[in-house]
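Peer 1: Have a look at this one before I ask anything.
Residue numbers (the UniProt record's numbering), protein chains in the order written: chain A, 1 to 348; chain B, 1 to 348.
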C-alpha cells in the first residue's frame, strides 16, 4: 500500500497501560494510518478510545480480527501473543510484540532501532520489542560499543511499579495512602501477582522482579542479560544485573558500570559520545546538580544519561546513571519506532 | 572505674534522630552506666529525654560539660565534633564520633567491631564511626576478605531519607501527602540542605547524596570508597560506589558486586560464610521469596544479606543485596558497639 494513504494498524491490548501509550504515540508521531483497529480481551471489549479526535470501539481480539491488518502492535501479555501473533502473521500482518514470548526465538529479530535497526530486514513476520530495562541500557551503551567495544557490564536497576501494569500503580497509591494514615497494608500484586507471597512496595525496596530462575537470578535479570547479548550481537558479552522494584510510579533508573574493550576513552569523550548519541539526552553537570531523575523523564521518548564517571581504579571502567520512561522508550515508543523503521526501510 | 559501677557516658546531639537511637540502644543493651549526660545545641537544651524510666534534662554542650565523662558518643554534626571532641578528650573522655570530621584522620581509628575491633587499641582519644552505607557493606564483605581476599567492589546504594536527618523524613512525608492530593511540592532539604537546588524525593530517585567532588563522585560515594579501604586495611582495594536517595524512611539497601582475590569460593560456601558471619543475618531463599527489604529491617541491629549469586561469567565474581537500619548498625548501634568493645578490651 502506498505510504501516503497510510497503513492498517492494530493495537492488541488497547486498554492496558502500554496499549494506551501506543495509541497516544501513534497520534503524536503522526504515523501514517489508514485504519486503526483496537483490540483487547473479551472483558474489555466494547469500551472506546480516542485517536485523532475519533472515538474507536475496542473489539475482542480474535484470529479473524487481523484480516487486512498490515502492522499489529501487541502488548496484551505473553499468552495472547503466543496465540494470536502467528494468526496475525498468517493474515499478512507484521507483528511488533512487546511481550517476552518471542524475544529469544532465533527467528525473531529483537530490535532497538538506535542499536540494530538493520536486524528488521531478517524478520519472518514477528519482531520482538525488548524488555523495558534492557532497551534504555543498550541505547546508552551502543555508542561505547561502536567506538571502544564492550568487555563487561554490571547493572543495578531502580524500577517503577508501572512496569508491572496499571494495577501495580494503584497498589502503590493505595499502600502509600494507608501507611500515611498509620493503617495496615495488604499487598496483593507486587512483586509478582501469581507468586505466593506479596510484599509492601510503598516506602520499601523489593529486590525481586518477575520469578526466580534456578541460578538465583530473576527472569527480569536474565532478560537484561540475554537480550543485551542478542541485540548487540555479542553472545559472549559479560553482563550481570540486579533488578529492584521501588515506590516510583513511572521511570526506570539504572546504575550502570561498563568496561570498554580497548583503552583510551576519556571522560570528556565519553560525555561527548552520549551528547551525540541517537535517542539520548545527556544531563550531566555536577556543578549545576544536573542529572537525570525519574520524576523528570515522564512523558518523554528519550533515554537520559548522567553521573558519568571514569572508574577511579580501572582505566577501561566507567559508571553512568540511565533514566527513561519505561512505558515509552521502554515499551510503546520503541514499538512505534520499530514500525517507523519498517516503513523507512520499506519492509511493510 | 570498675565496670560493675558503670561509666559516666555522654550523648552529644541527644535530640537528633541518631542521638535518640543512641539513648535507646544504651538502654536496650544495658550498657554499664553510672551517669548519663545528655547534651545538645543551646536551641534544644532544656528539653528532656527518658533513660531507664528516668527523665534527664538535656543540657547545652560546652567544653566543661565533659568534666568527669568517660565515654562521649557524638552525633551532632561535623562542626560540633571538630570543636568539642578535642575538649572532651582533654578532660579524659574517649570520644566515639559519628560524624565525618575525623574519619580519614590517620591518628583516628575508624571502626566496625565485626571487622577491625583491634584498631581500637591504637586510639588517641577519638574513635570514628564510619558512614552508614559503608558499615553495612564492610560487615558483609569482611568474611569474604578473610577467606578469599577481595579484588574489586562495585556498589550501588538505595538509601533512606533518615540518613539526611529527621527533617528529611518530614519532607518525604509532606511531599508524599501533597502528591497524593495532586498538589505541588516545594523541595527544601534534599538532596543537600545547603545546596542551591532541591529536588522532589517522593516517588522519585535522586542520584546525589552529599556534595559533588571534582572527580564527579559525590562525597558520600568517596566516603564509601575511602572508608572501606581504611577499615579493611586495604589501601589499594578497588572500590567504586554510586549512591542514590530514595523515598524510603528507614533502611539502606545495597546492590554489591565483589570479586575475591583467590578462586574456589562456591555459592553454597558463600552463603555459609554469611550464615556464620558476626552481625549478619542471611535471608536468602528464592524458592520462598526470602530476601532482605528495608521495611523489614527497621529497629534491628543486624546486617541482612540475600540475593547471593555467583557471577555468570567470572569465576571470582559475586552479587549480593545488603540491607540494614541506617540509624542503628549504620549509626547508633555501631557507636554503642564500639563503646562495648572499649569496655571488653579494657581500653576505658
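Ideal placement from N, C-alpha and C gives every residue a C-beta, glycine not left out.
Measure the alpha-carbon distance for residue 115 (chain B) versus residue 40 (chain A) and round it to whole angstroms.
Peer 2: Rounded to whole angstroms, residue 115 (chain B) to residue 40 (chain A) spans 58 Å at the Cα level.
Peer 1: Closest to residue 280 (chain A) by CA distance: which of A:315, A:36, A:77 and A:113 is it?
Peer 2: Comparing Cα positions, the closest option is A:113.
Peer 1: Could you tell me the boundaries of the alpha helix (DSSP H) in which residue 221 (chain A) lies?
Peer 2: That run of the alpha helix (DSSP H) goes 219 to 231.
Peer 1: Tell me whether residue 107 (chain B) is buried or exposed, calling it buried when 16 or more other Cβ atoms sit within 10 Å of its Cβ.
Peer 2: Exposed, because fewer than 16 other Cβ atoms sit within 10 Å of the Cβ of residue 107 (chain B).
Peer 1: Assuming residue 263 (chain B) and residue 316 (chain B) make a contact with CB atoms under 8 Å, what is their CB distance in whole Å?
Peer 2: Correct: roughly 6 Å between the Cβ atoms.
Peer 1: Rounded to the nearest angstrom, what separates residue 156 (chain B) and residue 251 (chain A) at their Cα positions?
Peer 2: Cα to Cα, residue 156 (chain B) sits roughly 18 Å from residue 251 (chain A).
Peer 1: What is the C-beta distance between residue 349 (chain A) and residue 195 (chain A), in whole angstroms, given that I count them as a contact (C-beta under 8 Å)?
Peer 2: Chain A is shown from 1 up to 348; residue 349 (chain A) falls before or after that span and cannot be answered.
Peer 1: Whole angstroms are fine: how far does the CA of residue 329 (chain B) sit from the CA of residue 18 (chain B)?
Peer 2: Between residue 18 (chain B) and residue 329 (chain B), the C-alpha separation is close to 11 Å.
Peer 1: In angstroms with no decimal places, state the Cα-to-Cα distance between residue 7 (chain A) and residue 119 (chain A).
Peer 2: Computed Cα separation, rounded: 22 Å.
Peer 1: Please state if the CB of residue 324 (chain A) and the CB of residue 348 (chain A) are separated by a distance shorter than 7 Å.
Peer 2: No, the pair does not count as a contact, with Cβ atoms beyond the cut-off.
Peer 1: Measure the Cβ-Cβ separation of residue 130 (chain A) and residue 110 (chain A) and say whether it is below 7 Å.
Peer 2: Their beta carbons are under 7 Å apart, which means residue 130 (chain A) touches residue 110 (chain A) by this criterion.
Peer 1: How about residue 125 (chain A) and residue 80 (chain A): do their beta carbons lie closer than 7 Å?
Peer 2: Contact: no.
Peer 1: Check the Cβ of residue 216 (chain B) against every Cβ in chain A and list those closer than 9 Å, keeping chain order.
Peer 2: Correct list: 267, 284, 286, 307, 308, 309, 310 and 319.
Peer 1: Is it buried or exposed, residue 233 (chain B), if we count other Cβ atoms within 10 angstroms and call 16 or more buried?
Peer 2: With fewer than 16 Cβ atoms within 10 Å of its Cβ, residue 233 (chain B) is classed as exposed.
Peer 1: Check each residue of the region 229 to 256 of chain A: if its Cβ is closer than 7 Å to any Cβ of chain B, include it; give the result in chain order.
Peer 2: Under the 7 Å Cβ criterion, the region 229 to 256 of chain A contributes 238, 240, 242, 244, 246, 247, 248, 249, 253 and 255.
Peer 1: Excluding the 5 residues flanking residue 206 (chain B) on each side, which residues of the same chain have their C-beta closer than 6 Å to its C-beta?
Peer 2: Cβ neighbours of residue 206 (chain B) beyond the five flanking positions: 191, 199 and 245.
Peer 1: Quick check on DSSP: helix, strand or coil for residue 340 (chain A)?
Peer 2: If DSSP states are grouped into helix, strand and coil, residue 340 (chain A) belongs with the helices.
Peer 1: Once DSSP output is grouped into helix, strand and coil, what is the label at residue 54 (chain B)?
Peer 2: Three-state result, residue 54 (chain B): strand.
Peer 1: Quick one: Cα of residue 227 (chain B) to Cα of residue 134 (chain B), how far?
Peer 2: Answer to the nearest angstrom: the Cα atoms are 7 Å apart.
Peer 1: State the DSSP-derived secondary structure class of residue 139 (chain A), mapped to helix, strand or coil.
Peer 2: Residue 139 (chain A) falls in the helix class under three-state DSSP.
Peer 1: Listed in chain order, which residues of the region 165 to 176 of chain A have Cβ atoms closer than 9 Å to some Cβ of chain B?
Peer 2: Hits within the stretch, in order: 172, 173 and 176.
Peer 1: If you measure between the beta carbons of residue 239 (chain B) and residue 320 (chain B), is that distance less than 7 Å?
Peer 2: No; because the gap between Cβ atoms is not below 7 Å, this pair is not in contact.
Peer 1: Taking 7 Å as the threshold (beta carbon to beta carbon), is residue 156 (chain A) in contact with chain B?
Peer 2: Residue 156 (chain A) counts as touching chain B.
Peer 1: Given 8 Å as the limit, is there contact between the region 279 to 299 of chain B and the region 171 to 188 of chain B, that is, 3 or more CB pairs closer than that?
Peer 2: No: fewer than three Cβ pairs fall under 8 Å.
Peer 1: Relative to the C-alpha of residue 54 (chain B), which residue among B:38, B:66, B:68 and B:61 is closest?
Peer 2: Comparing Cα-Cα distances from residue 54 (chain B) to each of B:38, B:66, B:68 and B:61, the minimum goes to B:38.
Peer 1: Using 10 angstroms around the beta-carbon of residue 337 (chain A), count the other beta-carbons present and answer buried if the total reaches 16, otherwise exposed.
Peer 2: When all chains shown are included, residue 337 (chain A) counts as buried.
Peer 1: Shorter than 7 Å from the beta carbon of residue 104 (chain A) to some beta carbon of chain B?
Peer 2: No, no contact with chain B.
Peer 1: Between which two residues does the beta strand (DSSP E) containing residue 280 (chain B) stretch?
Peer 2: Where residue 280 (chain B) is concerned, the enclosing beta strand (DSSP E) stretches over 280 to 282.
Peer 1: Grab the span of the beta strand (DSSP E) containing residue 154 (chain A) for me, first residue to last.
Peer 2: Per DSSP, residue 154 (chain A) belongs to the beta strand (DSSP E) from 150 to 158.
Peer 1: Would a C-beta distance cut-off of 7 Å place residue 56 (chain B) and residue 47 (chain B) closer than the cut-off?
Peer 2: It is not a contact, given that the beta carbons lie outside the stated cut-off.
Peer 1: May I ask you to report which of helix, strand or coil DSSP gives residue 44 (chain B)?
Peer 2: DSSP places residue 44 (chain B) in coil when its eight states are reduced to three.
Peer 1: Between B:276, B:64 and B:68, which lies nearest to residue 9 (chain B) when the distance is taken from Cα to Cα?
Peer 2: Residue B:68 is the option with its Cα nearest to residue 9 (chain B).
Peer 1: Identify the residues that DSSP records as bridge partners of residue 245 (chain B): which are they?
Peer 2: Bridge partners of residue 245 (chain B): B:159 and B:206.
Peer 1: Measuring CB to CB, does residue 102 (chain B) end up less than 7 Å from residue 260 (chain B)?
Peer 2: Going by C-beta atoms, residue 102 (chain B) is not nearer than 7 Å to residue 260 (chain B).
Peer 1: Where does residue 307 (chain B) land, buried or exposed, given buried means 16+ other C-beta within 10 angstroms?
Peer 2: Counting Cβ neighbours within 10 Å, residue 307 (chain B) comes out buried, since at least 16 surround it.
Peer 1: Among A:82, A:93, A:142 and A:177, whose alpha-carbon lies nearest the alpha-carbon of residue 117 (chain A)?
Peer 2: Checking every option, the nearest Cα to that of residue 117 (chain A) belongs to A:142.
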